[in-house]
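As structure tokens, the structure follows; a few thoughts come after it.
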Amino acid sequence: AHKQQQQQQQQRSLLWSSKELEKMGLGEDVDLHVYEIPVEYQAVQRLIPALWKKHSPQLVVHVGLSGMATTVTLEKCGHNVGYRGLDNCHFCPGSECCIEGGPECIDSIIDMDAVCKRVSALGLDVTVTISEDAGRYLCDFTYYTSLYQSHGRSAFVHVPPLGKPYSAEQLGRALQAIIEEMLNVLEQSESNINCHNEH
């Protein structure tokens, strides 16, 4: 019961942060769609491809809660194997992997180091860090599934629990800045590719 209570509190934390972000928006030229993905392997495998098909987005940014985090963490990559933890339905993939035969690790095409530097330079009262291990649970599973589906056009941000130490407003503002910088970095890298192709 205690674990279930913790999970409910964590889900509320994420919901508040997402609502703050939704309220603030990302400017007039960005369509923001916010979805809640259940902490269930099979739901992830069903929903992620469906959402990509429905919206064909420029970028998908997943936000997950980490009880151990004290900073806002940008995840560089997702991993395919090592999923042994049971989800909210007490299910675990028999293969212990996301995509059978898929690469062991997929990197985001977003330069997370550049995003981290840019957001840190904005002087927000939130610390942003980088990670290469999203945890081999539903966050990592979701990230890998999305990276595989999108050919790398996905990102994952881990946030700490609400009030430890940041408020929903602080997290919402940090997410807004992070996503804006991710879009800037993505657009710059794409314009560089187009520029090279033209010469």
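Mind the numbering: the sequence shown is residues 587 to 785 in the working numbering, read in order.
Glycine included, each C-beta is placed from N, C-alpha and C at the ideal position.
Please read these numbers as outputs of a predicted model, since none were measured by experiment.
On the DSSP bridge assignment, give the partners of residue i in chain order.
i	result
Phe742	His648 and Glu661
Cys691	His665
Cys683	Val667
Can you tell me whether DSSP reads residue i as helix, strand or coil?
i	result
Val714	strand
His619	coil
Pro635	helix
Ala760	helix
His676	coil
Leu769	helix
Glu755	helix
Ser732	helix
Among the options, which has the Cα closest to the Cα of residue i?
i	options	result
Val771	Ser732, Lys640 and Ser740	Ser740
Cys663	Leu633, Tyr729, His619 and Val649	Tyr729
Ser717	His737, Asp711, Asp693 and Gly680	Asp693
Gln735	Ala636, Met698, Gly668 and Leu724	Ala636
Gly668	Glu614, Gly721 and Leu748	Gly721
Val616	Ile765, Thr731 and Ser777	Ile765
Gly680	Glu776, Glu690, Cys691 and Gln628	Gln628
Met654	Glu661, Ile696 and Lys750	Lys750
Tyr752	Val712, Ser777 and Leu618	Val712
Just to confirm my understanding: we take residue i, look at its own chain, exclude 5 residues before and 5 after, and list those with CB closer than 6 Å. What are they?
i	result
Leu672	Cys678
Pro624	none
Ser642	none
Cys725	Gly650
Could you name the residues of the same chain whose beta carbon sits closer than 7 Å to that of residue i, not counting the 5 residues immediately before and after it, in chain order?
i	result
Glu767	Val701, Arg704 and Val705
If I measure Cβ to Cβ from residue i and keep anything under 8 Å in the same chain, skipping five residues before and after, which residues do I get?
i	result
His588	Only weak support exists for where His588 lies, its pLDDT of 41 falling under 50; the value from the coordinates is given anyway. If we look at His588 and ignore the five residues flanking it on each side, it has no Cβ neighbours.
Asp699	Ile716
Leu708	Ala763
Tyr723	Tyr669 and Gly671
Segment contact, 8 Å Cβ cut-off, at least three pairs: the stretch 680-696 with the stretch 743-752: A contact is defined here as three or more CB-CB pairs under 8 Å, and the stretch 680-696 fails this definition with respect to the stretch 743-752.
Cβ contact check for the stretch 757-768 and the stretch 642-649: 3 or more pairs under 8 Å: The way I'd put it, the stretch 757-768 does touch the stretch 642-649; three or more beta-carbon pairs between them come closer than 8 Å.
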